[in-house]
Amino acid sequence: MSSPRAPRSPRAPRSPQTPRRTGSRTPSSRLSTPSRRRVSGTSERDVIPPSEGNVTPRRSQQASSSPFHNGFSEIDLSSPMNYGTPSSVGSTRSTRSGGIRGTPLRQRLDVRQDRHARSLSLIAENENEGVIPSQDSEVDDGPEIRIWGTEVVISKCKRKFKRFIQEFVENVPAEDEISEGVDNNLPLYLQKLEEIKILEHPFLNLNCAHLEEFDQQFYKHLIRYPQDVIPTLDAAVNEVFFERFPAAILEHRIQVRPFNAHRTKNMRALDPVDIDNLITIQGMVIRTSHLIPEITVAFFRCIVCNFETTVELANGFINEPTLCSSCSTNHCFQLIHNRSEFTDKQIVKLQEPPDDIPAGQTPHTITLICYNDLVDSVQPGERVTVSGVYRATPVQVNPRMSNVFSVLKTFVDVVHFRKIDSNRLRVVEEGKIHKFSEERIEVIKHLASKSDIYERLARALAPSIFEYTDIKKGILLQLFSGTKKNLQNAGRGKTRSEINILLCGDPGTSKSQLLSYVFDLVPRSQYTSGKGSSAVGLTAYVMKDPETRQLVLQTGALVLADNGICCIDEFDKMNDSTRSILHEVMEQQTLSIAKAGIICQLNARTSILAAANPCESKWNPRKNIIENILLPHSLLSRFDLIFLVLDPQEESYDRRLAWHLVSLYHRRPEDLDQDFLDMDILRDYIAYARENVNPKIGDLAKMALITNYVQMRKVGSRRGVVSAYPRQLESLIRLSEAHARMRLSETVEEVDVEEAWRLYREALKQSATDPVSGRVDVSIITTGQSESYRIQMEKLMTDLKNIFTKQKKVGVLNYQTLFKDVREKNPSIDYPMFDKCLKNLEDDRFITCVPKKSVRILQ
Numbered sequence: 058m059s060s061p062r063a064p065r066s067p068r069a070p071r072s073p074q075t076p077r078r079t080g081s082r083t084p085s086s087r088l089s090t091p092s093r094r095r096v097s098g099t100s101e102r103d104v105i106p107p108s109e110g111n112v113t114p115r116r117s118q119q120a121s122s123s124p125f126h127n128g129f130s131e132i133d134l135s136s137p138m139n140y141g142t143p144s145s146v147g148s149t150r151s152t153r154s155g156g157i158r159g160t161p162l163r164q165r166l167d168v169r170q171d172r173h174a175r176s177l178s179l180i181a182e183n184e185n186e187g188v189i190p191s192q193d194s195e196v197d198d199g200p201e202i203r204i205w206g207t208e209v210v211i212s213k214c215k216r217k218f219k220r221f222i223q224e225f226v227e228n229v230p231a232e233d234e235i236s237e238g239v240d241n242n243l244p245l246y247l248q249k250l251e252e253i254k255i256l257e258h259p260f261l262n263l264n265c266a267h268l269e270e271f272d273q274q275f276y277k278h279l280i281r282y283p284q285d286v287i288p289t290l291d292a293a294v295n296e297v298f299f300e301r302f303p304a305a306i307l308e309h310r311i312q313v314r315p316f317n318a319h320r321t322k323n324m325r326a327l328d329p330v331d332i333d334n335l336i337t338i339q340g341m342v343i344r345t346s347h348l349i350p351e352i353t354v355a356f357f358r359c360i361v362c363n364f365e366t367t368v369e370l371a372n373g374f375i376n377e378p379t380l381c382s383s384c385s386t387n388h389c390f391q392l393i394h395n396r397s398e399f400t401d402k403q404i405v406k407l408q409e410p411p412d413d414i415p416a417g418q419t420p421h422t423i424t425l426i427c428y429n430d431l432v433d434s435v436q437p438g439e440r441v442t443v444s445g446v447y448r449a450t451p452v453q454v455n456p457r458m459s460n461v462f463s464v465l466k467t468f469v470d471v472v473h474f475r476k477i478d479s480n481r482l483r484v485v486e487e488g489k490i491h492k493f494s495e496e497r498i499e500v501i502k503h504l505a506s507k508s509d510i511y512e513r514l515a516r517a518l519a520p521s522i523f524e525y526t527d528i529k530k531g532i533l534l535q536l537f538s539g540t541k542k543n544l545q546n547a548g549r550g551k552t553r554s555e556i557n558i559l560l561c562g563d564p565g566t567s568k569s570q571l572l573s574y575v576f577d578l579v580p581r582s583q584y585t586s587g588k589g590s591s592a593v594g595l596t597a598y599v600m601k602d603p604e605t606r607q608l609v610l611q612t613g614a615l616v617l618a619d620n621g622i623c624c625i626d627e628f629d630k631m632n633d634s635t636r637s638i639l640h641e642v643m644e645q646q647t648l649s650i651a652k653a654g655i656i657c658q659l660n661a662r663t664s665i666l667a668a669a670n671p672c673e674s675k676w677n678p679r680k681n682i683i684e685n686i687l688l689p690h691s692l693l694s695r696f697d698l699i700f701l702v703l704d705p706q707e708e709s710y711d712r713r714l715a716w717h718l719v720s721l722y723h724r725r726p727e728d729l730d731q732d733f734l735d736m737d738i739l740r741d742y743i744a745y746a747r748e749n750v751n752p753k754i755g756d757l758a759k760m761a762l763i764t765n766y767v768q769m770r771k772v773g774s775r776r777g778v779v780s781a782y783p784r785q786l787e788s789l790i791r792l793s794e795a796h797a798r799m800r801l802s803e804t805v806e807e808v809d810v811e812e813a814w815r816l817y818r819e820a821l822k823q824s825a826t827d828p829v830s831g832r833v834d835v836s837i838i839t840t841g842q843s844e845s846y847r848i849q850m851e852k853l854m855t856d857l858k859n860i861f862t863k864q865k866k867v868g869v870l871n872y873q874t875l876f877k878d879v880r881e882k883n884p885s886i887d888y889p890m891f892d893k894c895l896k897n898l899e900d901d902r903f904i905t906c907v908p909k910k911s912v913r914i915l916q
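Just so you know, we're using our numbering here: the sequence shown kicks off at 58 and counts up by one.
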């Protein structure tokens, strides 16, 4: 007999919930009941003064009787934390709608903290115990607030930072956005405050290396307690600013954005020790969400007596009031959306850089949360350095239940973005200009004045690869690119300025090494393999965002490489569906998407640098380029330059190549004296040219382009074929503009057109040579067939028609016998050509065929 069941323990009372009504839901932030927490033996009701619009008679009486309320009566609580003294804060007090001198205070959600639960007031202890104030407290006679659980005094941090702003002078200028255009003999950050006054941009970027140099202990406090120290920095810099410029009016109070913390870590190295610390990580942005409105101040109204109150966001939660202080009714508040305040929020997905990924492992990603002005400051494909506060939050098992998993979800509250990569070229974006020092500009202009600058830049590009001078020059012009033009007045819109290049030939000829070098050099570049890439991997695919639970587009390599270069290896291994999406990208520079109800057109202003191997593993000189790499002519015609990279198999070439490879490992003293262009100079030279030089076609260059194009058309007309199309003329224009930009010339001259025409002819000689006639035939690339092939096809069609006319009485002919008879007249005919002619005659209703067996004559 089983034992009697034990009595069930009483269930814990369920936390009160807001009644579900129309308009009572909050986006992004969660509503919860306020928690009770003791601070220094005093109830939270005594320590926390009422917020604006939430003043009740009961709380006013209690606050007025508390000695702590007098100390905090002048402190502005509209920001997550404000550690100013009563005197200083009282002089700069502002409401949420407007502030002193017309400068309102904006709440910082990137530094989340409930100040009332983490701060400690020591005023009462000093008054009751008769403690003599220290020297620091004499300077600042306000309440001494310390960071919870530490001996760090907020007022001391504030005074240290004010002294740092007023006294710090940079001894060795750093290469960042702060040190550009400043006087090294004057305090650095006072000059930055003057810039804020002039530009009215209320943000101060703080280099943490400067703070560490000034006060190492203060720097450690910033790293370990950023959510407490950063608001203190905001208060200090605003006091210094308005003391120096009392009549200044800004959009909102100045906010400090620290960056360049020495605690730069790999994503894989982040652990629980880093939670709530200021960290700096690097990576590539792979996805950005749309703008999300997040509630910062919730406005509640009692549905019984219409009593109104506001509650601020604290630690990502809105503590919903449960008891109305006016009518004493429980659970009677309703959220009023149009009276609440919201802020902009964006979720960004950051992927670790390829250099940090261990071999054989998938890349790690981390979620970034951006607020206010940091929204839309980065785009997918950009490589950034992120400074922010590392957070951890519990994950709910079920959205309808309050229990959570034991493993927390981590993310980063972004404080600062820095789009700088010293190992890559700096790319020009709309509205953004990179600055160069005057000394650097003089060096660049001095190089441009030399007559051999073209050859020197080409030698500096992939110096470890032997020869391939014309190929390097073509890639060099691709890096400079043409001039962006908008021909909307002519009814055409924007034209393509990017240059596409295809490298094809024997395996083991350094094609992949050239692609890797360009990938490491160019910003926003992507490297992919044709065999390992799918159509959605190159374009975009639809997925459900785990944060917002909405369908979003995950961009692929071509979109991530916008304003950069997409390097595609094994181009010939792509399937037809994957190659088909390249047609629009390579000409229109856009990518049209219509998936899962998402219809859009994405920018893909991408230069394509592709490498392809022959289908027979070795280049067959008896076949043309289309027969060797099996690519459609419609795709080949979109490449501006097609270079053939072959192994010459000559003893003299092999000897020179071996000498070059050995010299990479053993250099003689005379080899060290050779004038090689430094890679840093190459990067800055290309970046400066792309930013500051936009050449236009001159009169002489215009006539030269027309002459070369007409000459190409005449060569084809003599043989009865079309040898040039307008697409070839546009390629010459882009190459000429890139060569002029390389010379830092604002005008395209005749010498630029001559070099572009020479490079284009050299590429045609290699890729568009007819193996039968030995002539250069552009129609191989544009139409897929050479002139000699078309002549053979026409002659074979005529011979077959004559045979069918003579053998009409027979009616049926044997396939093999017919092929032998035709082969006796022309030995160059093969089975594919013969089958194609039979297919054309069958389409003309002249014959019917049983494949490889018989041919029946109809006419």
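Using N, Cα and C, we set each Cβ at its ideal position, and we do this for glycine too.
Keep in mind the model is a prediction, meaning the values are calculated, not measured.
Alpha carbon to alpha carbon, what distance is there between residue j and residue i?
i    : j    : result
L734 : A304 : 52 angstroms
L578 : A618 : 13 angstroms
Q391 : P451 : 27 angstroms
F218 : L279 : 11 angstroms
P747 : G438 : The sequence given here has Arg at residue 747, not Pro. About 19 angstroms.
I528 : P884 : 38 angstroms
V210 : I287 : 13 angstroms
R917 : D602 : A query on residue 917 cannot be resolved here, the shown segment of the chain reaching from 58 to 916 and no further.
D430 : S720 : 53 angstroms
K759 : E224 : 59 angstroms
L821 : Q785 : 11 angstroms
M643 : L659 : 13 angstroms
A795 : V342 : 29 angstroms
Do we get a CB-CB distance below 7 angstroms when we pair residue i with the residues of chain C?
i    : result
E495 : Among the chains in the structure shown there is no chain C, since it carries only a single protein chain.
Taking the alpha carbon of residue i as the point to measure from, which residue in the options has its own alpha carbon closest?
i    : options                : result
T663 : I625, G654, T635, H258 : I625
C359 : M324, T379, I343       : T379
V810 : I754, E803, T585       : I754
I510 : I848, H388, L256, Y742 : Y742
V443 : H717, I414, K896, L407 : L407
P783 : I763, M799, H796       : I763
K402 : R679, V432, L786       : V432
V767 : N460, W814, D413       : W814
T566 : L714, N859, H473       : L714
V435 : H347, F221, I202       : H347
T386 : T419, C362, E369       : C362
L757 : T804, R740, I738, R770 : T804
F271 : T289, R798, L245, E252 : L245
By Cβ distance, which residues of its chain are closer than 6 angstroms to residue i, with the 5 residues on each side in sequence left out?
i    : result
K630 : G587, K588
L693 : I838
N317 : N264, C265, A266
G28  : Only positions 58 to 916 of the chain appear in the structure, and residue 28 is not among them; the question remains open.
L179 : Residue confidence is low: L179 scores 37 on pLDDT, short of 50, so the model does not pin down where it sits. No coordinate-derived value is stated.
L290 : F218, V313
Once the 5 residues before and after residue i are set aside, which same chain residues still bring their CB inside 7 angstroms of it?
i    : result
L610 : A597, V599, I650, I655
Less than 8 angstroms between C-beta atoms, sequence neighbours within five positions excluded: which residues of the same chain meet that for residue i?
i    : result
R513 : L504, K507, D732, L734
On the DSSP letters alone, give me the boundaries of the beta strand (DSSP E) that residue i sits inside.
i    : result
Q658 : 655–660
K406 : 398–408
C624 : 622–626
Between which two residues does the alpha helix (DSSP H) holding residue i run?
i    : result
S569 : 568–578
M799 : 783–799
L698 : First-last for L698: 698–702, but that is the beta strand (DSSP E), not the alpha helix (DSSP H).
I393 : Neither: I393 is in no alpha helix (DSSP H) and is coded neither H nor E.
N262 : From DSSP, N262 is part of no alpha helix (DSSP H) but of the beta strand (DSSP E) over 260–264.
Q: Report yes or no: do the stretch 419–436 and the stretch 464–475 share at least 3 C-beta pairs separated by less than 8 angstroms?
A: yes
**Q.** Validate contact between the stretch 305–314 and the stretch 381–398 using beta carbons, cut 8 angstroms, 3 pairs
**A.** no
Q) How do the stretch 551–567 and the stretch 702–722 stand: do at least 3 beta-carbon pairs fall below 8 angstroms, yes or no? A) yes
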